[in-house]
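Chains as they are written, first to last, in my numbering: chain C, 1 to 252; chain F, 253 to 519. C-beta: ideal position from N, C-alpha, C; glycine also. Comments concern the structure below.
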Amino acid sequence: MAKAILVDASKCIGCRGCQVACKQWHGLEAEPTAFSGSYENPPDLSARTWRKVKFIETAEQDGATRWRFLSDACKHCTDASCLAVCPTGALFRRPWGAVDLDQQICNGCRYCVSACPFGVVTFNEETGRVDKCILCPDRVEAGLAPACVTTCPTGALSFGDRDQLLGRAKERVVQLRAKGEKDAQLYGERELSGLHVLYVLQERPQVYGLPEKPRFAAASVFPGFLMSAVASVVMGVVALVAFRERGGRGEE
Amino acid sequence: MGKNPVWSWYIIWYFFVGGVAAGAYVMAAFADFFGRKEDRQLAKIGYAIAFPLVLICPILLIWDLGVPGRALNMFRLFNWNSPMSVGSWVLLGFGLVSLVSLILVLWDRPGAWRIRRVLAIPGALFGLFIASYTGVLLGATNRPIWVANNWIGPLFLVSALSTGVAALALFSARAKLTGFRQVHLLATGFEALLLVLFLQSLGAGATLFLTGSFAPLFWGGVVVAGLAIPFGFAFLPRGRAVEAVAAILVLAGGLALRYLVVTGGQT
Numbered sequence: 001m002a003k004a005i006l007v008d009a010s011k012c013i014g015c016r017g018c019q020v021a022c023k024q025w026h027g028l029e030a031e032p033t034a035f036s037g038s039y040e041n042p043p044d045l046s047a048r049t050w051r052k053v054k055f056i057e058t059a060e061q062d063g064a065t066r067w068r069f070l071s072d073a074c075k076h077c078t079d080a081s082c083l084a085v086c087p088t089g090a091l092f093r094r095p096w097g098a099v100d101l102d103q104q105i106c107n108g109c110r111y112c113v114s115a116c117p118f119g120v121v122t123f124n125e126e127t128g129r130v131d132k133c134i135l136c137p138d139r140v141e142a143g144l145a146p147a148c149v150t151t152c153p154t155g156a157l158s159f160g161d162r163d164q165l166l167g168r169a170k171e172r173v174v175q176l177r178a179k180g181e182k183d184a185q186l187y188g189e190r191e192l193s194g195l196h197v198l199y200v201l202q203e204r205p206q207v208y209g210l211p212e213k214p215r216f217a218a219a220s221v222f223p224g225f226l227m228s229a230v231a232s233v234v235m236g237v238v239a240l241v242a243f244r245e246r247g248g249r250g251e252e
Numbered sequence: 253m254g255k256n257p258v259w260s261w262y263i264i265w266y267f268f269v270g271g272v273a274a275g276a277y278v279m280a281a282f283a284d285f286f287g288r289k290e291d292r293q294l295a296k297i298g299y300a301i302a303f304p305l306v307l308i309c310p311i312l313l314i315w316d317l318g319v320p321g322r323a324l325n326m327f328r329l330f331n332w333n334s335p336m337s338v339g340s341w342v343l344l345g346f347g348l349v350s351l352v353s354l355i356l357v358l359w360d361r362p363g364a365w366r367i368r369r370v371l372a373i374p375g376a377l378f379g380l381f382i383a384s385y386t387g388v389l390l391g392a393t394n395r396p397i398w399v400a401n402n403w404i405g406p407l408f409l410v411s412a413l414s415t416g417v418a419a420l421a422l423f424s425a426r427a428k429l430t431g432f433r434q435v436h437l438l439a440t441g442f443e444a445l446l447l448v449l450f451l452q453s454l455g456a457g458a459t460l461f462l463t464g465s466f467a468p469l470f471w472g473g474v475v476v477a478g479l480a481i482p483f484g485f486a487f488l489p490r491g492r493a494v495e496a497v498a499a500i501l502v503l504a505g506g507l508a509l510r511y512l513v514v515t516g517g518q519t
């Protein structure tokens with residue numbers, strides 16, 4: 001049964017409990033930080049920060065500023081670009097949906113870093129390998145929820161069967177729309193054939209820095225090779241003509 | 253968008269050197285199959301320079317990974333979806349075939365040419381792959397410039413064949429360039445066409461190369477040095493000096509192209 005995390009952005013208060021719980025469970029160091037003009041910190045996911053809360057300020061029509069929060073990490077895509085292009089098998093799929101990463105096998109080629117449509121996978125300068133959220137397989141396979149979900153005090157994060165969470169997420173979107181949140185929407189149901197992290201958003205995905213149409217990187221492999229094969233044939237014909245048809249009786 | 257993979261000079265040089273090696277080998281194979289007897293002299297040089305150049309490739313790639321033993325993990329499995337995985341295996345195969353081709357050039361008996369030619373079939377197929385897969389690899393990412401771009405593979409391919417001929421010209425010693433000159437002239441035209449198609453596919457992103465910070469190297473290195481001057485030289489009276497200058501400019505243009513495309517996706 002496919003599992004998933006449901007992130008209900010409308011219930012997030014930006015406490016960053018999930019961010020810290022993730023660091024504690026996985027033994028990830030704190031990062032030296034600097035003021036970046038926002039309460040959001042650190043500014044990006046990294047090899048040491050696998051989950052973070054995004055702080056988004058939106059200007060409302062009445063002139064007020066409103067906070068939007070989003071607990072963000074790896075989305076464990078069904079069409080996972082990182083896993084598709086990994087040449088070593090370090091990135092692999094858990095039967096219940098997580099995109100896991102075997103640190104012993106990763107050789108630090110960084111292809112996945114460039115392939116991830118969400119900018120999640122990060123190169124770790126210290127280990128020479130990559131890092132990302134692995135959805136706490138040690139906890140999940142022992143019947144627990146991931147560390148971030150367990151610590152969430154507001155119910156913004158929940159974990160369970162993907163199908164059930166999908167139903168709950170849709171109900172929540174209906175509820176929010178009924179309350180006048182006209183941009184309330186679900187993200188992750190169909191994107192990349194389905195994410196294993198579902199989002200209930202109050203704004204369009206771009207407001208949260210989520211791509212409207214995330215792209216599966218490996219979709220370009222076949223057309224790329226096809227075009228190269230065509231160019232190869234063209235060059236073969238060019239060579240055939242050029243070698244055969246030149247000057248007649250030698251050239252010098 | 254994906255994060256910056258920080259593929260720097262090791263990768264740029266690998267794309268370039270791998271392309272020259274593959275280009276020299278493929279052009280040698282073309283000459284052996286389509287050319288005349290007089291072209292075979294230069295074909296031998298093509299096979300002979302391919303292997304030493306291919307040897308440089310794994311050194312660059314392992315250097316990039318940092319920990320040498322980890323490079324072996326590329327050979328744990330074969331992943332059709334990953335140009336890097338397929339490329340690792342094909343590079344291994346191309347290395348082995350080009351080594352045998354080199355041996356057959358050194359062991360130059362009357363019958364060796366026939367064996368060389370048979371071996372050149374898998375060798376040229378591997379070579380065409382090595383010349384182009386690096387561009388397909390970049391297309392299969394989520395970085396600006398590269399994302400979903402299907403023109404980089406063909407562009408790198410034709411550029412690799414062009415730089416391959418240039419390397420042949422530099423190493424040709426007393427051998428005449430003969431038919432290679434015409435192939436190169438046509439390849440230069442084809443490469444220019446592919447370059448236009450590549451830039452057109454970038455839309456507004458092309459300004460990075462056309463008018464942005466990369467413009468001097470793009471116009472000076474890729475267009476003028478790599479394409480226009482060698483094209484013009486083809487109509488000059490032939491001579492060793494003209495040929496050598498054209499060859500060096502073509503090689504410089506090929507390196508500039510790879511630098512710009514690889515770095516362009518990371519700015």
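Pairwise C-alpha distance: E212 (chain C) and L192 (chain C): Locating residue 192 (chain C) in the first sequence gives position 192, where the first residue counts as 1. Locating residue 212 (chain C) in the first sequence gives position 212, where the first residue counts as 1. Their Cα atoms are separated by approximately 11 Å.
Local Cβ density within 10 Å of Q103 (chain C), reported as buried at 16 or more and exposed below that: Taking the first residue of the first sequence as 1, we reach residue 103 (chain C) at position 103. That one is exposed.
Residue from F:M279, F:G484, F:W398, F:P310 whose Cα sits closest to the Cα of S453 (chain F): For this step, residue 453 (chain F) is matched to residue 201 along the second sequence. When each option's Cα is compared against that of S453 (chain F), the closest is F:W398.
C-beta neighbour in chain F for A242 (chain C), strict 8 Å: Working through the first sequence from its first residue, we reach residue 242 (chain C) at position 242. Yes, A242 (chain C) lies at the interface with chain F (some Cβ there is under 8 Å from its Cβ).
Those residues which DSSP pairs with D100 (chain C) across a bridge: Counted from its first residue, the first sequence places residue 100 (chain C) at position 100. Note: D100 (chain C) sits in a beta bridge opposite C:F92.
Which residues DSSP lists as bridging L445 (chain F), in chain order: To locate residue 445 (chain F), count along the second sequence from 1; it is residue 193. BP columns for L445 (chain F) are empty, so no partner.
A73 (chain C) versus S350 (chain F): straight-line alpha-carbon distance, rounded: Against the first sequence, residue 73 (chain C) aligns to sequence position 73. Against the second sequence, residue 350 (chain F) aligns to sequence position 98. Distance between the alpha carbons of A73 (chain C) and S350 (chain F) is about 46 Å.
Where T78 (chain C) meets chain F, residues with beta-carbon distance less than 7 Å: Here residue 78 (chain C) refers to the residue found at position 78 when the first sequence is read from its first residue. Chain F residues near T78 (chain C): none, gap ~14 Å exceeds 7 Å.
In DSSP terms, what T58 (chain C) is bridged to: Numbered from 1 along the first sequence, position 58 holds the residue referred to as residue 58 (chain C). Per DSSP, C:R66.
Chain F within 8 Å of M1 (chain C), Cβ atoms only: What you label residue 1 (chain C) is simply residue 1 of the first sequence in a count that begins at 1. Chain F contact via Cβ: absent.
Candidates C:G128, C:G27, C:F55: closest to G37 (chain C) by CA position: Taking the first residue of the first sequence as 1, we reach residue 37 (chain C) at position 37. Ranking the options by Cα distance to G37 (chain C), first place goes to C:F55.
Chain C within 8 Å of S340 (chain F), Cβ atoms only: For the purposes of this step, residue 340 (chain F) is taken as the residue at position 88 of the second sequence. With 8 Å as the cut-off, S340 (chain F) counts as an interface residue toward chain C.
P42 (chain C) at chain F interface by Cβ criterion, 8 Å: Indexing the first sequence from 1 puts residue 42 (chain C) at position 42. So, not an interface residue.
DSSP beta-bridge partners of Q164 (chain C): Residue 164 (chain C) sits at position 164 when you count from the first residue of the first sequence. Answer by DSSP bridge pairing: none, since Q164 (chain C) is not bridged.
Cα-Cα separation between K182 (chain C) and Q202 (chain C), rounded to whole angstroms: Taking the first residue of the first sequence as 1, we reach residue 182 (chain C) at position 182. Taking the first residue of the first sequence as 1, we reach residue 202 (chain C) at position 202. About 8 Å.
Cβ distance (whole Å) where F461 (chain F) is taken to contact L409 (chain F) below 8 Å: As a first step, residue 461 (chain F) must be located in the second sequence, where it is residue number 209. As a first step, residue 409 (chain F) must be located in the second sequence, where it is residue number 157. Their Cβ separation, rounded to whole angstroms, is 19 Å, which puts F461 (chain F) and L409 (chain F) out of contact at 8 Å.
Contained alpha helix (DSSP H) runs [length at least 4] in the region 391-470 of chain F, N- to C-terminal order: 404-423, 432-454, 459-462
Residues of its chain near Q19 (chain C), where Cβ-Cβ distance is below 6 Å and the 5 sequence neighbours each way are ignored: One-based indexing of the first sequence puts residue 19 (chain C) at position 19. These residues qualify, in order along the chain: R51, K52, V53.
Below-8 Å beta-carbon distance, T154 (chain C) vs any chain F residue: Residue numbering aside, residue 154 (chain C) sits at position 154 when the first sequence is read from its first letter. It does not; no Cβ of chain F falls within 8 Å.
Collapsed DSSP secondary structure at C77 (chain C) in the structure displayed: Sequence index remark: in the first sequence, residue 77 (chain C) carries index 77 (1-based). C77 (chain C): strand per DSSP, three-state reduction.
Three-state class that DSSP yields for L329 (chain F) in the structure shown: By 1-based counting over the second sequence, the position of residue 329 (chain F) is 77. Correct three-state label for L329 (chain F): coil.
Members of the region 310-332 of chain F near chain C, C-beta cut-off 7 Å: L317, G318, V319, R322, A323, N325, M326, R328, L329, N331
Every unbroken alpha helix (DSSP H) inside the region 129-205 of chain C [4 residues or more]: 137-140, 147-151, 162-178
Proximity winner among C:C148, C:R129, C:T49, C:K11, relative to C136 (chain C) (alpha-carbon distances): Translated into the one-based positions of the first sequence, residue 136 (chain C) becomes position 136. Checked all of C:C148, C:R129, C:T49, C:K11; the closest Cα to C136 (chain C) is C:C148.
Buried or exposed (CB count within 10 angstroms, at least 16 for buried), A281 (chain F): Taking the second sequence and counting its residues from 1, the one referred to as residue 281 (chain F) is at position 29. With 16 or more other Cβ atoms within 10 Å, it is buried.
Host alpha helix (DSSP H) of D316 (chain F) (start-end): Taking the second sequence and counting its residues from 1, the one referred to as residue 316 (chain F) is at position 64. Element bounds for D316 (chain F): 292-317.
E443 (chain F) burial status per 10 Å Cβ neighbour count (16 or more: buried): Numbered from its first residue, the second sequence carries residue 443 (chain F) at position 191. Counting Cβ neighbours within 10 Å, E443 (chain F) comes out buried, since at least 16 surround it.
Of the listed residues F:A498, F:L390, F:S424, F:F327, nearest to T515 (chain F) (C-alpha basis): The count along the second sequence starts at 1 and reaches residue 515 (chain F) at position 263. Nearest of F:A498, F:L390, F:S424, F:F327 to T515 (chain F), Cα basis: F:L390.
Within chain F, partners of T255 (chain C) - CB distance below 7 Å: Nothing can be reported for residue 255 (chain C), as the shown portion of chain C is limited to 1 through 252.
Heavy atom of the ligand COA within 7 Å of Q61 (chain C) beta-carbon: In the structure shown, the ligand COA is absent, as is every other ligand, since no ligand is present at all.
Residue-level contact to chain C via CB, K289 (chain F), 8 Å cutoff: Against the second sequence, residue 289 (chain F) aligns to sequence position 37. Not one chain C Cβ lies under 8 Å of K289 (chain F).
C-beta atoms of F483 (chain F) and T440 (chain F) nearer than 8 Å: In the second sequence, counting from the first residue as 1, residue 483 (chain F) sits at position 231. In the second sequence, counting from the first residue as 1, residue 440 (chain F) sits at position 188. Closer than 8 Å, so yes.
Distance CB(A392 (chain F))-CB(G275 (chain F)) smaller than 8 Å: Position 140 of the second sequence, counted from the start, is the residue given in the question as residue 392 (chain F). Position 23 of the second sequence, counted from the start, is the residue given in the question as residue 275 (chain F). No, these two residues do not count as a Cβ contact at 8 Å.
Simplified DSSP state of A72 (chain C), which is helix, strand or coil: Counted from its first residue, the first sequence places residue 72 (chain C) at position 72. The identity of residue 72 (chain C) in the sequence shown is Asp, whereas the question assumes Ala. Correct three-state label for D72 (chain C): strand.
Spatial neighbours of A302 (chain F) in its chain, beta-carbon cut-off 6 Å, leaving aside the 5 residues before and after: The sequence position of residue 302 (chain F) within the second sequence is 50, counting from 1. Once the five neighbours on either side are set aside, the close Cβ partners of A302 (chain F) are A273, A276, Y277, S350.
Meets three-Cβ-pair contact criterion under 8 Å: the region 59-75 of chain C and the region 355-362 of chain F: no
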